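Participant:
Set out below in structure tokens:
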């Protein structure tokens, strides 16, 4: 268990209830195949500890599901901002005609395109790790929209607010340690 949550995970080691030493948390030594089973369990426990420490010392917020994913070998690479926005765009496309309009989707896609252009201009690359987005990044993006792209103040505010709306999920899930929009003044 971790942070008050528990998750069972398949280790590949099986034994009957009578063969399990609950106090020692291992297969009883008298059981046939116990040394091999216990060795596999110890190796698995060591790997679990290694993955836990890697997450703990990464400096990022993590949850039990993240540890389980790593144990299963399904660790995701740190998400990048453009990849995250592309994923959200696919979600929005499915909502067109349900609770958003096609025009709203087009505005979102335009703001995403502007962000990608901004990243290429400012950082010389088309994408950044989502955790690298800071208050400074947001302010620089606003400046880029206003001065370089020549958008009106209201258009710039709408683009930044659109980005904020989409990134709130990332903020709530700990992909961003702090809310980069917290001290950004858009008025």
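In this note's numbering, the protein residues as written are 18 to 204.
Yeah, the Cβ is synthetic: ideal placement off N, Cα and C, and Gly gets one too.
In this text, all values refer to a predicted model and were calculated from it rather than measured experimentally.
1. Could you tell me the alpha carbon to alpha carbon distance between residue 88 and residue 81, rounded to whole angstroms?
2. Under the three-state reduction of DSSP, which class applies to residue 155: helix, strand or coil?
3. Could you work out which residue in 52, 24, 51 and 33 is closest to residue 65 when comparing CA atoms only?
4. Determine the burial state of residue 154: buried for a count of at least 16 other Cβ atoms within 10 Å of its Cβ, exposed for fewer.
5. Which residue wins for smallest C-alpha separation from residue 140, given the options 126, 54, 158 and 120?
6. Does the Cβ of residue 135 have 16 or more other Cβ atoms within 10 Å, making it buried, or fewer, making it exposed?
7. DSSP puts residue 38 in a beta bridge; with which residues?
8. Applying the criterion that 16 or more other CB atoms from any shown protein chain within 10 Å of the CB defines a buried residue, is residue 116 buried or exposed?
9. Pull the bridge partners of residue 113 from the DSSP assignment, please.
10. Measuring alpha carbon to alpha carbon, tell me which residue in 163, 146, 85 and 56 is nearest residue 67.
11. In terms of residues, what are the limits of the alpha helix (DSSP H) holding residue 65?
12. Mark residue 55 as exposed unless 16 or more other C-beta atoms lie within 10 angstroms of its C-beta, in which case mark it buried.
13. Expressed to the nearest angstrom, what Euclidean distance is found between the alpha-carbon atoms of residue 167 and residue 191?
14. Exposed or buried, residue 177, counting other C-beta atoms within 10 Å across all chains shown (16 or more means buried)?
15. Can the beta-carbon of residue 188 be found closer than 8 Å to that of residue 144?
Facilitator: This is what the structure gives:
1. 11 Å
2. helix
3. 24
4. buried
5. 158
6. buried
7. 43
8. exposed
9. 117
10. 85
11. 51 to 73
12. buried
13. 34 Å
14. buried
15. no
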